[in-house]
Amino acid sequence: MVFIGILVGLIILVLLVVVHELGHAIVARRNGVVVEEFGIGFPPAAKKWRPKTSFLGKNVVFSLNWLPLGGFVKLKGEYDSAEGAGTYGGATFWVKTKILLAGVMMNWLTAALLFMILALVGMPKILPQQAVLPFDSRVERSALTVARVTPGSPAEKVGLQRGDEVRKIGDRSVTTPAELLAATKAQAGREVTIELVRSGQMFTKQVKLQTAEQAKNGGYLGVGPQQTETIHSTWSAPIAAVVTTGQLTYETVAGVGSILIKTINGTIGQLVGSPESRQAAKADLAAVGESVAGPVGILGVLFPSVLSSGLTQILLLAAIISLTLAVMNVLPIPALDGGRWFTMAGFKLFKKKLTKEREETIQGIGFLVLMALTVLVTWSDIAKVLRG
């Protein structure tokens, strides 16, 4: 199962990167820039062919390569300083902007398309205020179940187990996590009867809930509730998809910003400050490590874990990854699309010539930084896997 999950994840990642590169190639072709090669994977090449004509123009080389890590597009005169007809460098600033951002837009549109499919078959609710169109959409909720039992809690003492469905607390029916919290809070410190369903069989338990003071560590009952919500749409699926993609774009940008701030604060805090501030900085870096996943985490953990959950979860993960690729590539980081655009725009703004040597140096440094970060994230992923 793990191997199949890794294989499925690898195929999806390659497809998403190929879609990204296809955006660059199509927009370049439509704006008179010659596409010299379009590759799936990275060299060394396993196979190359040159059709007499294709949707990317004449004499374009298509290649399949041995390293299945994405794909690439090679344009004529890729450097900003290149000159001549059909070159990237010879295109206008606006055309270069369209070419650079086309990959970002393709990933964004791919995410929106996947969310539209999910809206039609049932989109899992992943945001507190996720778009629900009342005139068309309907929300289905799963049963309220126990996801986690706190050690030493009243729930553990009476034998509650993960997967138990909670029906009643005392005489109050509970169908949502909020209702469970309200019902246990209202009976804090008292002995109540809990109605449960386990493996299709209904039964009851007598349990004494914790007081408000005791509940500060683990809650009144001592369980982590779990409930999934699925949003179904019909004709409004495209609208729901676009709005959801917009909401997740905002959340992704905010999340990336938070990670960057914690990384900077954590790095600086480790070097200067009091022991207390250094401990806080260490906690920030640890939080970043837990929230970031690299290739090993995505392929070795995320995809295998969602494979058994069905096609819906696979599509959801693919949509989120596609959106993340769009957001990451628009950031002003050298070696990424956004970094190339900001470099080009900066030199143009200050009326400086962006020579091939300068561009290679800037992008090379950016690439080395990205590789260093990839190694660190990969090391963190491996540590997570080893921890189980």
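My numbering puts the first residue of the sequence shown at 20, with every later residue one more than the last.
Note that the Cβ used here is the ideal one computed from N, Cα and C, for glycine as well.
Remember, predicted model here, so these are calculated numbers, not experimental data.
Asked	Found
Start and end residues, beta strand (DSSP E) containing E102	First-last for E102: undefined, no H or E at that position.
Own chain, CB closer than 8 Å to D190, minus 5 neighbours either side, in chain order	none
Span of the beta strand (DSSP E), counted from its first residue to its last, around S341	That residue, S341, is in no beta strand (DSSP E); its alpha helix (DSSP H) goes 330-349.
C-alpha distance - L119 paired with A162, whole-angstrom precision	46 Å
Sequence ranges, beta strand (DSSP E) only - wholly within the segment 206-245, length at least 3	210-217, 220-227, 242-245
Which of helix, strand or coil DSSP assigns to K67	strand
Expected contact under 8 Å - CB spacing of V52 and D356 to nearest Å	That pair is no contact at about 15 Å.
Check whether A354 and Q332 have beta carbons under 9 Å apart	no
9 Å Cβ cutoff met for G108 and H39	no
Residue from P244, G141, K95, T72 whose Cα sits closest to the Cα of H251	G141
CB of I23 within 9 Å of CB of A121, strictly	no
Buried or exposed (CB count within 10 angstroms, at least 16 for buried), T362	buried
At least three beta-carbon pairs within less than 8 Å, the segment 245-263 to the segment 214-226	no
Option in G237, E56, N126, A64 with minimal Cα separation from V168	G237
Cβ neighbours of P87 in the same chain (closer than 7 Å, five flanking residues each side left out)	L29, V33, G60
Among W85, V92, I31, nearest to A47 - alpha-carbon criterion	V92
Proximity of A5 and F134 at Cβ, strictly below 9 Å	The chain is shown from 20 up to 407; residue 5 falls before or after that span and cannot be answered.
Neighbourhood of P63 by C-beta distance below 7 Å, restricted to the same chain and skipping five residues each side	N84, W85
Beta-bridge partners of M390, as assigned by DSSP	Looking at the DSSP assignment, M390 forms no beta bridge with any residue, so it has no partner.
Top-ranked residue by Cα proximity to E181, from E97, G274, T106, T164	Reading off the sequence, residue 181 comes out as Arg, not Glu. Out of E97, G274, T106, T164, T164 has the C-alpha closest to the C-alpha of R181.
Identity of the residue in W68, A260, W127, T203 nearest P244 by Cα	T203
For T169: DSSP bridge partner residues	Answer is none; T169 lacks a bridge partner.
Buried/exposed call for F57, threshold 16 Cβ in 10 Å	buried
Beta-carbon proximity check, V185 vs V226, cutoff 9 Å	no
Strand pairing of N84, partner residues [DSSP]	A64
Close beta carbons around A101, own chain, < 7 Å, minus the five adjacent residues each side	Y107, G108, G109
Segment limits, alpha helix (DSSP H) that includes V114	112-140
Outcome for V37 when other beta-carbon atoms lying within 10 angstroms are tallied against a minimum of 16	buried
Alpha carbon of L336 to alpha carbon of L137, nearest angstrom	11 Å
Short Cβ contact (9 Å threshold) for R377 with F366	yes
Proximal residues to G178 (C-beta, below 8 Å), its chain only, five neighbours per side dropped	K224
Paired residues, beta bridge with S192 - DSSP	K187
Cα-Cα separation between K115 and E159, rounded to whole angstroms	46 Å
Sheet register partners of E159 (DSSP bridge)	T249
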